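Trainee: Dropping the structure in here first, questions after.
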Amino acid sequence: MLITAGYVAFNFKILGNRSPIYYIQVKRYVAYYRNFAYMVAVTMFINIQIKLNERAKRQSTK
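Those letters in the sequence shown? Residues 22 to 83, per this note's numbering, in order.
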């Protein structure tokens, strides 16, 4: 994700702000990546919660 952001910033330096179409595309990509990262984080969090719950249940039954 950081590499992508760096690449985008590098391209902005080359192009300047003369291409609004490119800028709109970049905004769309950034929003997509942010949503994707958010989804991944939520999924990981839910998986961790499930694992912790299973471990707690196993310990309580002993």
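Glycine is no exception: its CB is placed at the ideal position from the N, C-alpha and C atoms. Quantities reported herein were computed from a predicted structural model and do not represent experimental measurements.
1. Leaving out five residues before and five after Ala-77 in sequence, what residues of the same chain have Cβ atoms less than 8 Å from its Cβ?
2. Hey, how far is the Cα of Ser-81 from the Cα of Met-65?
3. Tell me the rounded alpha-carbon separation between Tyr-50 and Tyr-44.
Mentor: If we stick to the structure as given:
1. Taking the first residue of the sequence shown as 1, we reach residue 77 at position 56. There are no such residues.
2. Numbered from 1 along the sequence shown, position 60 holds the residue referred to as residue 81. Numbered from 1 along the sequence shown, position 44 holds the residue referred to as residue 65. Approximately 24 Å, taken between the alpha carbons.
3. To locate residue 50, count along the sequence shown from 1; it is residue 29. To locate residue 44, count along the sequence shown from 1; it is residue 23. So the alpha carbons of these two residues sit roughly 10 Å apart.
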